[in-house]
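Student: If you use this note's numbering, the sequence shown corresponds to residues 716 to 1171, in order.
Yeah, the Cβ is synthetic: ideal placement off N, Cα and C, and Gly gets one too.
The structure presented is a predicted model; accordingly, all values stated were derived computationally and were not measured.
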Amino acid sequence: MHSTDHFEIDQEAIRLQSTIKTFFDNFTVGTLLNRCGIRKLRGISPLAVFEAIFLLAFQGENFYRGIALNGQLGFKKDVAYDFLKNPRYNWRKFILRLAAKIVTVVELLTSEEREKVLVVDDSDYDRSRSKSVELLARIFDHNSRKYLKGFKLLTLGWSDGATFLPLDFILRSSANVSNRFQGIIKTLDKRTCGYKRRKEAMSKTTDLLEDMVKRVLTLGIRADYILMDSWFCFACLIAKLSHHVPVICMVKDITSNFYRYQGQLVRLGELYRRIKKRPGRAKIIASVIVPMKNGPLVKIVFVRNRNSRGWLAVLSTDTALPNEEIIRIYGKRWDIEVFFKMAKHHLNLEKEVQLRDYDGLVAHTSLVFSRYMFLALQQRFHDDPRSIGSLYHACCSEIQDLTLVEALQRLLTLAMEAVRQSGEFAESVISTMVDAIMGAALSMIKPFQEAHIIQK
């Protein structure tokens, strides 16, 4: 490599390091850590430890090489491990407060007319090779239709259709004792954050989501709708959440959900057979407003599934919302799928550090969420001209919101997860789409990683 190439890569690395420092300064990360009870440990600033771990993904290093073998940090690996494993540190408060600050900035780049949404989903946190991890459980992978060892990462995020920000998470074990390989290992004060998070980990998802939403709304983060996948479509949960924010979710024909139509309780499949359909090959086949058994009044929109002769159904508790708008808004749920893949494959969620302590897992996951928020903000600044000096003049139109066609494409792509078990095609298509979406964000990591390799 020529000396000029070395120089350019070094300059890119310096610029990225400067950008990260500016991010920490602008959003007062050090102050936030202090206010969340994350304070000085053995004379070492918590911000210094946080920053060292934060940088690992951008340096292309794992925890062992970047922390344990790094003699230039000013602290040893024991300090970093103690930092991660402290049960008194309130990582939930830190993530929520940091996200709230970033949402405030992003909203300056977003028109009032554009819908802001909360997105709920969970993803597998794979620890298949582990045995002694605290609260390790047997979990079901919906994609492979198999059981594996690990956790379910229940996540609540915010999106305006252009930027996704993770707000809160629960690293769920299992509510069923027989499915847990390990119980609680530490003896903890019941007042600590660590004890409370362990109790959450052993609770049912339906018992957790309302509190997650209430915490977000209490901080002043505004949302017009809550978007969920069909795994969360239960009448009791929809009723709870819709008291706070209208719900839009995918719905399947399951035995626990009934709808009252023409004086009878019917399942979704029977409801579809009874209602009048549009003629021809219309993308939206039909819609109907019906009350759910033990749930609210809902509008169900049936969409043609181009991957089969069947149909897909999307439910909304806002019955006045037009059919096309329900589909378009639901398309914003795709953003959380991008987040999960980014966190696992590029921000080292599962493999950066092999911790057995549950507090350590929570702290490290919080750090990964922080990395994603940093990248999401930089990507928004890169894509939106108003963030580069012209915000006050608003001389350019905002980033285009999702069109109905784009939303349908997202909706149908999300539906492929239901047929993954039939072959490899759907998985490869989804992976290709996600990789393309993340390309721009990853481009800012590469120069720093190259520079770090050269400096070695």
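In terms of residue numbering, what span does the alpha helix (DSSP H) encompassing Arg757 cover?
Tutor: Unbroken run through Arg757: none, as it is neither H nor E.
Student: Helix, strand or coil for Val744? Go by DSSP, reduced to three states.
Tutor: In this structure, Val744 counts as helix in the three-state DSSP scheme.
Student: Among Arg1071, Glu915 and Lys864, whose alpha-carbon lies nearest the alpha-carbon of Ala890?
Tutor: Of the candidates Arg1071, Glu915 and Lys864, the one whose C-alpha sits nearest the C-alpha of Ala890 is Glu915.
Student: Check whether the region 1043-1055 and the region 862-874 are in contact - that is, three or more C-beta pairs closer than 8 Å.
Tutor: The answer is yes - the region 862-874 touches the region 1043-1055, with three or more Cβ pairs under 8 Å.
Student: Could you check whether the region 877-887 touches the region 796-812, counting it as contact only if at least three pairs of C-beta atoms, one from each stretch, sit closer than 8 Å?
Tutor: At 8 Å Cβ cutoff, the stretches touch.
Student: Taking Phe865 as the reference, give the member of Leu851, Thr878, His857 and Asp875 with the closest Cα.
Tutor: One point to set straight first is that residue 865 is Gly, not Phe, in the sequence displayed. For Gly865, the nearest C-alpha among the options comes from Leu851.
Student: Taking the straight line between their C-alpha atoms, what separation do you get for Arg1019 and Gly745?
Tutor: Their Cα atoms are separated by approximately 51 Å.
Student: Which of the three DSSP states, helix, strand or coil, is assigned to Asp944?
Tutor: DSSP places Asp944 in coil when its eight states are reduced to three.
Student: For Gly872, list the residues DSSP reports as bridge partners.
Tutor: Answer by DSSP bridge pairing, in chain order: Val834 and Pro881.
Student: Should Phe1055 and Ser838 be called a contact, given that it needs their Cβ atoms to be closer than 8 Å?
Tutor: Against a cut-off of 8 Å, the Cβ pair of Ser838 and Phe1055 comes out as a contact.
Student: List the whole-angstrom C-beta distance separating Ala938 from Leu833, where the pair is believed to meet the contact cut-off of C-beta under 8 Å.
Tutor: Indeed they touch by this definition, with Cβ atoms about 4 Å apart.
Student: How many angstroms separate the CA atom of Arg860 from the CA atom of Pro994?
Tutor: Each residue's alpha carbon lies about 36 Å from the other.
Student: May I ask which residues mark the beginning and end of the alpha helix (DSSP H) holding Met1088?
Tutor: That run of the alpha helix (DSSP H) goes Tyr1073 to Asp1098.
Student: Check whether the region 1058-1072 and the region 970-980 touch, using three or more Cβ-Cβ pairs below 8 Å as the test.
Tutor: Not touching, per the Cβ criterion.
Student: Could you tell me whether the Cβ atoms of Glu1001 and Asn972 are closer together than 8 Å?
Tutor: Rather than Glu, the amino acid found at residue 1001 in this sequence is Ala. Result no, Cβ atoms of Ala1001 and Asn972 do not sit closer than 8 Å.
Student: Once DSSP output is grouped into helix, strand and coil, what is the label at Cys1111?
Tutor: For Cys1111, the predicted structure reports a pLDDT of 37, less than 50, and the residue's modelled location is therefore unreliable. A value from the coordinates is still provided. Looking at Cys1111 - three-state DSSP - the assignment turns out to be coil, as it is neither helix nor strand.
Student: Who are the near neighbours of Ile999 in its chain, counting only those whose CB is closer than 8 Å to its CB and skipping five residues on each side?
Tutor: Once the five neighbours on either side are set aside, the close Cβ partners of Ile999 are Arg993, Val1016, Phe1017, Val1018, Arg1019, Asn1038, Glu1039 and Ile1042.
Student: With H, G and I counted as helix, E and B as strand and the rest as coil, what does DSSP make of Arg1135?
Tutor: For Arg1135, the predicted model reports a pLDDT of 49, less than 50, meaning its position is unreliable; a value from the coordinates is still stated below. Three-state DSSP puts Arg1135 in a helix.
Student: Rounded to a whole number of angstroms, what is the C-alpha to C-alpha distance between Thr907 and Val928?
Tutor: In a straight line, the C-alpha of Thr907 is about 22 Å away from that of Val928.
Student: Label Ile768 either buried or exposed according to how many other C-beta atoms from any shown protein chain fall within 10 Å of its C-beta, with 16 as the threshold for buried.
Tutor: With 16 or more Cβ atoms within 10 Å of its Cβ, Ile768 is classed as buried.
Student: Out of Ile1004, Leu762, Ile753 and Ser1085, point me to the one whose CA is closest to Ala1028's CA.
Tutor: It is Ile1004.
Student: Please list the segments of the alpha helix (DSSP H) lying wholly inside the region 989-1056, counting only runs of 4 or more residues, in order along the chain.
Tutor: Listed in chain order, they are 1038-1045.
Student: Take Ala1091 and list the residues in its own chain whose beta-carbon comes closer than 7 Å to its own, dropping the five residues that flank it on each side.
Tutor: These residues qualify, in order along the chain: Thr878, Phe879 and Leu880.
Student: My guess is that Leu771 and Asn777 are in contact by the Cβ rule of under 8 Å, so how many angstroms apart are they, rounded?
Tutor: Contact flag correct, Cβ pair sits at about 7 Å.
Student: For Val928, does the three-state DSSP call read helix, strand or coil?
Tutor: Residue state, collapsed to three classes: helix.
Student: In angstroms, rounded to a whole number, what distance separates the CA positions of Pro1096 and Ser957?
Tutor: Before going further, note that residue 1096 is Phe rather than Pro in the sequence given. For Phe1096 and Ser957, the distance between alpha carbons rounds to 33 Å.
Student: Comparing alpha-carbon positions, which option in Met1007, Ala997, Ser1031 and Pro1006 lies nearest Arg1021?
Tutor: Arg1021 has its Cα closest to that of Ala997, out of Met1007, Ala997, Ser1031 and Pro1006.
Student: Using the beta-carbon count (16 or more within 10 Å), is Ser733 buried or exposed?
Tutor: So Ser733 ends up on the exposed side.
Student: Under the DSSP definition of a beta bridge, which residues are partnered with Arg853?
Tutor: In the DSSP output, where bridge partners are listed per residue, Arg853 has Lys864.
Student: Consult DSSP for Ile963 and reduce its assignment to one of helix, strand or coil.
Tutor: Ile963 falls in the strand class under three-state DSSP.
Student: So, for Val892: in the same chain, excluding its five sequence neighbours on each side, which residues have a beta-carbon less than 6 Å away from its beta-carbon?
Tutor: Nothing meets the Cβ criterion.
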